[in-house]
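There are 2 protein chains.
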Amino acid sequence: MEYIVAMNGGDGPNSYTRNSKLQEESFNSTKPLLIGCIRDNLDIHKSCKVFRIADLGCSVGPNTFSCVNTIVQEVQLKFNAEFPGFTSLPKFQVFFSDTFSNDFNTLFNALPADRVYMAAGVPGSFHGPLFPKGSMNFMHSSCSCHWISEVPKEVLTKDSRAWNKGRITYVRSSCEVKKAFSAQFRSDFKAFIGARSEELAPGGLMVISIPCKTDESDFIMDLFDVLGDAFADMVHEGLVEEELLDSFNIPFCIPKPSEVIKVVSSDEHFNILKVEQSFVTAKLSSAEEIMFYTSQIRAVTEGLINKHFGPNILMDDLFDRYCHKLKEFSTRFQNIEKWGTLFLAVKRVIMKDELIQTSSEA
Amino acid sequence: MEYIVAMNGGDGPNSYTRNSKLQEESFNSTKPLLIGCIRDNLDIHKSCKVFRIADLGCSVGPNTFSCVNTIVQEVQLKFNAEFPGFTSLPKFQVFFSDTFSNDFNTLFNALPADRVYMAAGVPGSFHGPLFPKGSMNFMHSSCSCHWISEVPKEVLTKDSRAWNKGRITYVRSSCEVKKAFSAQFRSDFKAFIGARSEELAPGGLMVISIPCKTDESDFIMDLFDVLGDAFADMVHEGLVEEELLDSFNIPFCIPKPSEVIKVVSSDEHFNILKVEQSFVTAKLSSAEEIMFYTSQIRAVTEGLINKHFGPNILMDDLFDRYCHKLKEFSTRFQNIEKWGTLFLAVKRVIMKDELIQTSSEA
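Chains as they are written, first to last, in my numbering: chain A, 2 to 363; chain B, 2 to 363.
As structure tokens, then:
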């Protein structure tokens with residue numbers, strides 16, 4: 002199946018470039034952990050000539066460059082601290098990777114002119130291999146791993162017990178629907194982790210930030226689910242075909258921290274260095290804040306919706322309705338709700354059969 | 002200065018994807034040489050894990066993939082022939098590189114599903130560094146190096162002796178104009194060669210195919226120059242501002258083989274393995290052939306024209322006129338003219354100070 006998830010391209014008013022503040026907040030909440038991880042756990046070698054970094058699920062817009070800049074800067078600082086006076090810093094090569102539908106043209110044209118790294122774009126699904134074995138030194142993924150490779154088939158099958166009729170997420174659905182999404186997440190995340198353990202050089206680091214469920218709630222998921230209510234009204238009014246809505250689900254699953262940890266722990270190539278949850282307060286009390294969330298969710302879902310419902314879907318109408326629904330929804334939690342990001346740092350261990358090889362390549 | 006040359010994107014009727022047969026013919030005329038060069042001159046090592054290939058000035062469309070497939074296939078064949086029974090072929094990583102204006106989205110979406118290599122896109126001018134030092138095994142450039150980084154300033158300066166008033170190429174211009182373009186080519190090509198000698202791993206190969214002047218003529222350049230006549234008519238009729246035409250030149254210079262060889266020879270990092278001229282017969286006798294050439298030239302120049310003359314330029318009108326002009330032009334050479342491609346294969350020599358390093362990395 003073609004992997005079609007991509008954020009809104011370009012740099013217009015509905016673009017992801019201009020509407021990715023939530024993801025920025027999420028990254029900022031884990032940034033000190035990322036920096037600490039590089040300082041404390043990255044092994045660097047004086048003879049390292051090329052330091053290869055991948056940003057997986059890079060999308061477009063300022064967040065991408067902000068993540069990468071932080072990594073490059075910290076590696077440089079570490080290098081200077083460990084080898085004072087040594088002037089031959091490694092060259093940085095950064096691979097920006099996302100699905101084939103991602104707007105790489107916009108990404109490339111927005112590359113900072115003063116960057117100190119060489120840039121490359123890598124199209125493809127991160128649920129499979131993207132880079133040659135052992136070729137990467139640092140891999141990073143922020144706000145991406147919760148996108149699953151496809152909506153579980155049973156969720157879209159009329160006769161199935163997991164049929165998710167009339168809803169676009171699992172959040173208020175049956176236990177079977179939830180299980181199906183959860184299984185898909187585990188399978189996809191396992192494939193993600195497996196691919197990365199091949200691609201990371203022994204001793205290399207990977208840092209993942211992923212939205213996660215907190216004990217009390219699943220705010221992010223709820224936010225997406227409310228969009229289903231707006232759709233339902235449009236079906237009711239004959240503006241959207243019922244069958245089209247029934248066959249639409251957002252390929253998206255917010256995991257529990259324990260699910261993430263379990264998958265990573267089961268890969269013998271990885272040592273978990275740090276797991277930590279960070280939180281951002283959800284603000285949905287004023288009209289401006291609700292407008293803001295509406296535009297953020299639109300930038301993320303519009304591509305999917307267009308692909309599924311076709312060009313005649315009344316997109317502005319849908320998101321106007323969504324905005325109103327969010328207002329109702331916001332009264333439910335009165336500004337005290339938080340949404341969580343799970344930070345996970347792992348090191349690619351050096352396997353026994355890699356020992357000789359690594360020392361000769363260092 | 003921003004480097005703006007890029008072929009027409011997308012895959013519509015005027016796209017480069019659908020209108021790059023001339024470049025295909027040029028590549029096909031040198032393909033046997035490319036294959037022979039890999040067979041006879043590529044040093045491969047059993048321990049090579051990643052074989053990195055760059056296609057420089059890749060543009061979009063089928064030619065790009067056809068070049069790269071040929072290279073990958075031949076390297077595989079060579080590997081199998083030299084190490085029969087050894088199953089661990091290197092992984093191929095192919096870097097498609099072109100200017101920031103290139104349509105990488107279209108390129109990525111057209112990547113062959115059955116490709117045996119990992120793909121990356123690298124935006125940037127090939128007149129500067131694009132890859133980490135010594136990181137590439139094979140570099141290739143077909144029909145690209147004749148694009149220069151900018152139109153020489155004196156050609157656009159009113160008071161200069163090299164002012165190229167009313168013309169868009171140097172081909173029927175003064176000696177000063179020709180000299181200015183030629184100097185720009187040499188300077189740019191020197192920068193290109195210098196960057197590649199840094200990026201190629203010692204022992205690596207580079208193959209360049211570049212349109213070149215034959216003894217008798219400069220057919221390709223003439224073809225572009227005729228477009229200037231169409232522009233001149235539009236100025237005459239008040240459809241295009243005279244000043245706008247005076248400030249427009251195609252950043253394009255077809256070199257003599259000797260100019261190319263001189264630049265390469267002067268770089269101590271390269272050993273010239275082969276230089277050969279191949280020829281394609283120019284066919285401009287029928288109306289269909291003239292239409293064909295018109296669409297080929299349009300796919301190459303439309304982006305430049307749009308950028309310079311703005312969105313109000315009557316593009317269809319311009320190329321209708323061009324088509325008529327080409328008919329007049331074609332009577333001049335009655336189907337006997339050929340256009341030449343210079344094939345050049347070089348090997349990155351191993352410098353004295355690289356000897357130890359290379360043997361430990363092999």
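We put the CB at the ideal spot given by N, CA and C, even for glycine. Nothing here was measured: the structure is a model prediction, and the numbers come from that model.
| B:Lys339 - containing alpha helix (DSSP H), residue span | Run containing B:Lys339: none in the alpha helix (DSSP H); it sits in the beta strand (DSSP E), 339–349.
| Neighbour flag for A:Asn106 against chain B, beta carbons, 8 Å | yes
| With 16 as the cutoff for other CB atoms within 10 Å, does A:Tyr17 come out buried or exposed? | In summary, A:Tyr17 is buried, with 16 or more beta-carbon neighbours lying within 10 Å of its beta-carbon over all protein chains present.
| Distance, Cα to Cα, B:His147 vs A:Phe28? | 44 Å
| query | What are the boundary residues of the beta strand (DSSP E) that includes A:Thr302? | reply | Premise fails: A:Thr302 lies in the alpha helix (DSSP H), 288–310, not in any beta strand (DSSP E).
| request: Say whether chain A places a C-beta atom closer than 8 Å to the C-beta of B:Gln94. | output: yes
| query | At a Cβ threshold of 8 Å, is B:Leu157 touching chain A? | reply | no
| task | Just the C-alpha distance for B:Ala120 and B:Met235, rounded to the nearest angstrom, thanks. | result | 44 Å
| task | Give me the Cα-Cα distance between A:Ser279 and A:Phe253, rounded to the nearest whole angstrom. | result | 20 Å
| Taking the continuous beta strand (DSSP E) assigned at A:Ser279, which residues delimit it? | 271–282
| task | With DSSP as the reference, label A:Ile209 as helix, strand or coil. | result | strand
| request: May I ask which residues mark the beginning and end of the alpha helix (DSSP H) holding B:Val51? | output: That residue, B:Val51, is in no alpha helix (DSSP H); its beta strand (DSSP E) goes 51–57.
| Does the beta carbon of B:Ala120 come closer than 8 Å to any beta carbon on chain A? | yes
| request: Could you tell me whether any Cβ in chain B is nearer than 8 Å to the Cβ of A:Val152? | output: no
| task | Please confirm if B:Pro133 has its CB atom under 8 Å from at least one CB of chain A. | result | yes
| Whole-angstrom distance between A:Thr170 and A:Met222, CA atom to CA atom | Each residue's alpha carbon lies about 8 Å from the other.
| query | Between A:Ile255 and A:Gly11, what straight-line distance do the alpha-carbon atoms span, to the nearest angstrom? | reply | 27 Å
| Among residues of its own chain, excluding the 5 on either side of A:Ser361, which ones have a beta-carbon nearer than 7 Å to its beta-carbon? | Here A:Ser361 scores only 40 on pLDDT, less than 50, and its place in the model is too uncertain to base an answer on.
| Do we get a CB-CB distance below 8 Å when we pair B:Asn110 with the residues of chain A? | Yes - at least one Cβ of chain A is within 8 Å of the one on B:Asn110.
| request: Residues of the segment 47–61 of chain A with a CB closer than 8 Å to any CB of chain B: list them in chain order, please. | output: Lys50, Val51
| message | Considering Cα atoms alone, identify which of A:Lys257, A:Arg299, A:Lys263 is closest to A:Asp317. | response | A:Arg299
| query | Relative to the alpha-carbon of B:Ile291, which residue among B:Val301, B:Asn313, B:Lys328 has its alpha-carbon at the smallest distance? | reply | B:Lys328
| query | Is there at least one Cβ from chain A nearer than 8 Å to B:Pro1's Cβ? | reply | With chain B represented from 2 up to 363, any question about residue 1 of chain B goes unanswered, as that position is not in the structure.
| Roughly how many angstroms lie between the CA atoms of B:His309 and B:Thr295, to the nearest whole one? | 20 Å
| Residues of its chain near B:Ser198, where Cβ-Cβ distance is below 7 Å and the 5 sequence neighbours each way are ignored | Asp268, His270, Phe271, Arg349
| field | Reduced DSSP secondary structure (H/G/I, E/B, other) of B:Ser67 | value | helix
| Using a Cβ-Cβ distance under 8 Å, would B:Ala363 count as near chain A? | Reliability of the predicted coordinates at B:Ala363 is poor, the pLDDT of 35 falling under 50, and the value obtained from them is presented with this limitation in mind. Taking Cβ atoms only, chain A never reaches closer than 8 Å to B:Ala363, which makes this a no.
| task | Helix, strand or coil for B:Leu201, going by three-state DSSP, please let me know. | result | strand
| query | In its own chain, which residues sit with a C-beta less than 8 Å from the C-beta of A:Pro130, not counting the 5 before and 5 after it? | reply | Ala196, Glu199, Glu200
| message | Between the alpha carbons of B:Ser150 and A:Ser188, how many angstroms are there, rounded? | response | 49 Å
| field | Nearest-angstrom Cβ-Cβ length linking A:Ile351 and A:Gly135, presumed shorter than 8 Å | value | That belief does not hold up - the Cβ atoms of A:Ile351 and A:Gly135 are roughly 11 Å apart, past 8 Å.
| request: Tell me, please, which residues DSSP counts as bridged to A:Ser143. | output: A:Ser210
| task | Starting from the C-beta of B:Pro212, find all residues in its chain whose C-beta is less than 8 Å away, skip the five residues before and the five after it, and write them out in chain order. | result | Ser27, Cys144, His147, Ile221, Ile255, Trp340, Gly341, Thr342, Leu343
| Amino acids of chain A, ordered along the chain, whose beta-carbon sits closer than 7 Å to that of B:Glu136 | Strictly speaking, residue 136 of chain B in this sequence is Ser, with Glu absent from that position. Counting only Cβ-Cβ distances below 7 Å, B:Ser136 has contacts in chain A at Val51, in chain order.
| Exposure of B:Leu78, with buried meaning 16 or more beta-carbon neighbours within 10 Å | exposed
| task | Could you tell me whether any Cβ in chain B is nearer than 8 Å to the Cβ of A:Ser360? | result | Low local confidence applies: a pLDDT of 43 at A:Ser360 is under 50, so the model's placement there is unreliable, with the coordinate-based value given in what follows. It does not: the Cβ of A:Ser360 has no partner Cβ on chain B nearer than 8 Å.
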